[in-house]
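A.B. asks: FYI, in this note's numbering the residues of the sequence shown are 1 to 206.
Where is the CB? At the ideal position from N, CA and C, for every residue including glycine.
Everything numeric in this text was worked out from a predicted model, so none of it was measured.
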Amino acid sequence: MSARKLSRGGRLVVASHNPGKLREIADLVRPFGLDTVSAAAMSVSEPEETETTFAGNARLKALHSAKATGLPALSDDSGLEIEGLGGDPGVYSARWAGPAKDFSLAMQKVHDALAAKRGWEEIAGPRANFTAALCLAWPDGDTHIFEGKVFGRLVWPPRGSKGFGYDPMFLADGETETFGEMEPEKKHAISHRARAFRLFIDACLE
Ligand code: IMP
């Protein structure tokens, strides 16, 4: 089924409390004549991410905001999936960094979990992907998911300080710089999030 379009001049709730994501989404949809408002500005709470897939968590967050505000709402859920760890940390990517959101710690945990499974013996490095799921939800409960992935390998030790999260240990296929070493414009052109957004824009904006 094709996705419902958002019309120019309309309002879109961004179902995230992360200022970085809010800014990025506002910039992306502005050229299409949409006004964004954050869930926080509409006094919508943040639901607990209880699902086991990116799409499930994105759907839960977008539906929560759409129902609470009576407006269409867009959410995003993302993370790192590692083949040799059965897809972990996956939807738990943020949680592996602990309450202090320490991604050096999270990357060390990834390193140690892979070492315990001899994952680093793969010559070119363990295979992994970043995934981003976007969900557009309508107040009547209709939802559409747009999912983007970027595949690559992990490196150790981590390299670069430009990105965030697990960027310094992720080397996308065909690249020589990790996401942590890459200029942000270059990462934003090839990332999982960019791919998901392209699908959303093509399907829902006019
Ligand atoms: P979310 O805010 O629940 O979607 O959490 C996603 C988590 O996945 C982030 O805290 C990061 O740890 C990780 N992640 C998602 N996208 C990226 C990325 O582009 N680079 C590095 N880490 C990412």
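(1) Take the Cβ of phenylalanine 181 as the centre, count every other Cβ of all protein chains shown within 10 Å, and call the residue buried at 16 or more, exposed below.
(2) Do three or more CB pairs link the region 129-149 to the region 102-109 at distances below 8 Å?
(3) Can you check whether the CB of serine 65 is closer than 8 Å to the CB of alanine 73?
(4) Let me know if glycine 152 comes out buried or exposed under the rule of 16 or more other beta-carbons within 10 Å of its beta-carbon.
(5) Which residues in the same chain as alanine 68 place their Cβ atom closer than 6 Å to its Cβ, once the five residues preceding and following it in sequence are excluded?
(6) Would aspartate 27 and alanine 58 be called neighbours here (beta carbons separated by less than 8 Å)?
(7) Output yes or no for whether 8 Å exceeds the beta carbon distance between serine 79 and glycine 70.
(8) Does DSSP put glycine 148 in a helix, a strand or coil?
(9) Counting only the same chain and skipping the five closest in sequence on each side, list residues whose C-beta sits under 6 Å from that of methionine 169.
(10) Would you tell me roughly how many angstroms separate the C-alpha atoms of alanine 113 and aspartate 88, rounded to the nearest one?
(11) Go ahead and pull the three-state DSSP assignment for threonine 52.
(12) Within a Cβ cutoff of 7 Å, which residues of the same chain sit near glycine 9, ignoring the five residues on either side of it in sequence?
(13) Are the Cβ atoms of leucine 22 and valine 13 separated by less than 8 Å?
(14) According to DSSP, is isoleucine 25 part of a helix, a strand, or is it coil?
(15) Any heavy atom of the ligand IMP closer than 7 Å to the CB of asparagine 18?
C.D. replies: The structure says:
(1) Here residue 181 turns out to be glutamate, not phenylalanine, going by the sequence shown. Buried: at least 16 other Cβ atoms inside 10 Å.
(2) no
(3) yes
(4) buried
(5) Val44
(6) no
(7) Note that residue 79 corresponds to glycine in the displayed sequence, not to serine. Not closer than 8 Å, so no.
(8) strand
(9) Met107, Leu154, Val155 and Pro158
(10) 10 Å
(11) coil
(12) Gly33
(13) no
(14) helix
(15) yes
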